[in-house]
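These notes are about the structure you will find just below.
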Amino acid sequence: MKKFMFILLAFSVVFFAIGCNDKKPAEKPQMGELAFEEINSEQLEDEELKSWYDQNHTQDALVSYDTEEFTYILLGVGEKPTGGYELNITSVTGDESNVNVRAEIVEPSAETMVTQVITYPNQLVRIKQDNRDVVLEELVVEKNDEEDNTDEVAEEVDLKGIYVGQIDSNSIEITVDGEPMAFRLSSDIYDDFNNNPPEDNSEIGFTAYENEHGQWILTSYKTN
Numbered sequence: 000m001k002k003f004m005f006i007l008l009a010f011s012v013v014f015f016a017i018g019c020n021d022k023k024p025a026e027k028p029q030m031g032e033l034a035f036e037e038i039n040s041e042q043l044e045d046e047e048l049k050s051w052y053d054q055n056h057t058q059d060a061l062v063s064y065d066t067e068e069f070t071y072i073l074l075g076v077g078e079k080p081t082g083g084y085e086l087n088i089t090s091v092t093g094d095e096s097n098v099n100v101r102a103e104i105v106e107p108s109a110e111t112m113v114t115q116v117i118t119y120p121n122q123l124v125r126i127k128q129d130n131r132d133v134v135l136e137e138l139v140v141e142k143n144d145e146e147d148n149t150d151e152v153a154e155e156v157d158l159k160g161i162y163v164g165q166i167d168s169n170s171i172e173i174t175v176d177g178e179p180m181a182f183r184l185s186s187d188i189y190d191d192f193n194n195n196p197p198e199d200n201s202e203i204g205f206t207a208y209e210n211e212h213g214q215w216i217l218t219s220y221k222t223n
């Protein structure tokens with residue numbers, strides 16, 4: 000009887016080992032370029048996925064959400080003072096540890112007609128389900144060189160005020176005669192101003208004009 004039990008146990012061990020060996024090895028993650036699909040957030044049907052998007056799309060962050068079939072990747076750049084910003088994920092690649100995302104954002108120029116509302120540029124894409132960490136490898140910032148083609152030349156005015164600070168890389172706030180005003184940087188002074196901005200709460204003299212869309216454009220400045 001003991002011999003029979005020993006033989007039965009031996010066969011059980013053998014069959015267990017064979018069963019383990021029959022398991023398929025874990026699928027290796029794909030390297031290099033990964034195919035991705037842009038997703039319209041308004042067409043999301045899964046309630047948990049919609050809730051995740053609603054909680055994250057206004058943030059300045061890169062986040063991901065896994066389902067059984069897909070990994071959803073959401074890139075946001077936070078609050079912007081106007082419309083006219085274009086955010087695009089340009090590539091998704093994989094390496095041993097990470098899923099790497101590259102993107103670019105095109106900011107409106109001072110001459111571009113934009114909606115005067117706060118916006119939250121973001122883009123949602125999905126890839127085949129992937130367990131690696133999703134990281135932002137590169138975000139390129141570009142300027143929209145589109146210019147407003149108008150024959151009318153606005154009159155520039157010389158003003159003085161207190162420089163409050165930058166609203167974003169394209170806009171600043173100056174208090175003029177006790178009233179806060181927003182000014183967009185002209186393309187001629189954009190680089191110089193962002194590299195050498197005045198000190199906050201300092202008095203500055205400047206030249207500006209109001210374009211046909213009611214936006215004030217700063218064309219030159221000097222600190223007093």
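If you're matching positions, the sequence shown starts at 0 in numbering that gives the first Met the number 0 and goes up one per residue.
For every residue, glycine included, the Cβ atom is placed at its ideal position computed from N, Cα and C.
Distance, Cα to Cα, SER170 vs ARG183?
On the sequence shown, residue 170 is found 171 positions in, with the first residue counted as 1. On the sequence shown, residue 183 is found 184 positions in, with the first residue counted as 1. Taking the straight line joining both Cα atoms gives about 4 Å.
Under 6 Å Cβ to Cβ from LYS49, same chain only, skipping five residues before and after it: list those, please.
As a first step, residue 49 is located in the sequence shown; it is residue number 50 there, counting from the start. Correct list, in chain order: LEU43.
Under three-state DSSP, which class holds SER50?
In the sequence shown, residue 50 corresponds to position 51, counting from 1. Correct three-state label for SER50: helix.
Host beta strand (DSSP E) of TYR71 (start-end)
In the sequence shown, the residue the question calls residue 71 occupies position 72. Unbroken beta strand (DSSP E) run through TYR71: 69-75.
Specify whether the segment 103-114 and the segment 69-86 touch according to this definition: at least 3 beta carbon pairs, one from each stretch, less than 8 Å apart.
Three or more beta-carbon pairs separated by less than 8 Å link the segment 103-114 to the segment 69-86, which places the two stretches in contact.
Throw me the rounded Cβ distance for the GLU78 and THR89 pair, which I believe falls under 8 Å.
Sequence index remark: in the sequence shown, residue 78 carries index 79 (1-based). Sequence index remark: in the sequence shown, residue 89 carries index 90 (1-based). Not really, about 23 Å apart at Cβ, beyond 8 Å.
Status (buried if at least 16 other CB within 10 Å, exposed otherwise) for ASN200
For the purposes of this step, residue 200 is taken as the residue at position 201 of the sequence shown. Exposed.
Cβ shell of LEU135 (< 6 Å), same chain only, five flanking positions each side left out
Along the sequence shown, one-based indexing puts residue 135 at 136. If we look at LEU135 and ignore the five residues flanking it on each side, its Cβ neighbours are LEU61, VAL100.
Determine the direct distance from the alpha carbon of GLY93 to that of GLU26, and round the result to whole angstroms.
To locate residue 26, count along the sequence shown from 1; it is residue 27. To locate residue 93, count along the sequence shown from 1; it is residue 94. Straight-line Cα distance between these residues: approximately 14 Å.
Go to PHE192, then tell me how far its beta strand (DSSP E) extends in each direction, as first and last residue.
Here the question's residue 192 lines up with position 193 in the sequence shown. Unbroken run through PHE192 is the alpha helix (DSSP H), 189-194; no beta strand (DSSP E).
Take VAL175 as the anchor and find which of ASP187, ILE203, TYR189 has the nearest alpha-carbon.
Translated into positions along the sequence shown, residue 175 becomes position 176. The alpha carbon of VAL175 has as its nearest neighbour, out of ASP187, ILE203, TYR189, the alpha carbon of ILE203.
Any idea what DSSP makes of SER108, helix, strand or coil?
Here residue 108 refers to the residue found at position 109 of the sequence shown. DSSP places SER108 in coil when its eight states are reduced to three.
Using 8 Å for Cβ pairs, my map puts VAL124 next to PHE192. What's the rounded Cβ distance?
By one-based count along the sequence shown, residue 124 stands at place 125. By one-based count along the sequence shown, residue 192 stands at place 193. That belief does not hold up - the Cβ atoms of VAL124 and PHE192 are roughly 34 Å apart, past 8 Å.
Roughly how many whole angstroms lie between the Cα atoms of ASN194 and THR118?
Counted from its first residue, the sequence shown places residue 194 at position 195. Counted from its first residue, the sequence shown places residue 118 at position 119. Their backbone Cα atoms lie some 26 Å apart in a straight line.
How many Å lie between GLU141 and PRO120 at the Cα?
Mapped onto the sequence shown, residue 141 falls at position 142. Mapped onto the sequence shown, residue 120 falls at position 121. Those two C-alpha atoms are separated by around 14 Å.
Suppose you measure from the CA of GLN122 to the CA of GLU37; what does that come to, to the nearest Å?
As a working mapping, residue 122 is identified with position 123 in the sequence shown. As a working mapping, residue 37 is identified with position 38 in the sequence shown. Inter-residue distance for GLN122 and GLU37 is about 8 Å (C-alpha atoms, whole angstroms).
Tell me which residues share the same chain as GLN29 and place their Cβ nearer than 6 Å to its Cβ, disregarding the 5 neighbours each side in the sequence.
Counting from 1 along the sequence shown, the entry for residue 29 is found at position 30. Excluding positions up to five away in sequence, the list reads GLY93.
Taking only three categories from DSSP, how would you classify GLU44?
Sequence index remark: in the sequence shown, residue 44 carries index 45 (1-based). Three-state result, GLU44: coil.
Delimiting residues of the beta strand (DSSP E) encompassing GLN122:
As a working mapping, residue 122 is identified with position 123 in the sequence shown. Looking at the DSSP string, the run of the beta strand (DSSP E) that includes GLN122 is 121-127.
ASN200 by DSSP, collapsed to three states: which one?
The count along the sequence shown starts at 1 and reaches residue 200 at position 201. Three-state DSSP puts ASN200 in coil, outside helix and strand.
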